[in-house]
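Shown next, in structure tokens, is the structure this report addresses.
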Amino acid sequence: MTKEQGAFRTIGELSKELSIKPHILRYWEDQFAILNPLKRAGARRHYRPEDVEIVKTINRLLNEEGYTIKGARKFLASRHGPSEMVEDVPQSVSEALPLVENNLEDNSLILAELKSIRNQLSNALNEA
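The opening position of the sequence shown corresponds to residue 566 in this note's numbering, with each subsequent residue numbered one higher.
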């Protein structure tokens, strides 16, 4: 019997549904402040639908997309962070263009550095 989409889930139910061990879910609660299921009598966890979505996102980031815990935290903070971040959005193309150009320059520098590292690693492997 499967619970309805909007129903709360216990840690055991969520663990079984998503094939994630309960100790992993508890660890993620420690590592991701955004993941905060309700705790009832006896410290039983009850995951709300929004908690389930966060767990699914964390699982995807860590186990499918290869994010680190730190990287996944940053990703989630950018998605679920303070609303004042939206205020910095440029209102026109002319405002956005310098930002895009700066990002392009930064990305070009990063790419050049990564290529240099790749070449150094390749040379080291060839010498070995």
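Every residue gets a Cβ at the ideal spot worked out from N, C-alpha and C, and that includes glycine.
| query | result |
| --- | --- |
| Straight-line Cα distance separating Ser584 from Arg610 | 17 angstroms |
| Per-residue DSSP class, three states only, for Lys604 | strand |
| Straight-line Cα distance separating His588 from Ile576 | 9 angstroms |
| The stretch 631-639 / the stretch 656-673 touching (three or more Cβ pairs under 8 angstroms) | no |
| Neighbour-count burial assignment, Asp671, 16 or more Cβ in a 10 Å radius | exposed |
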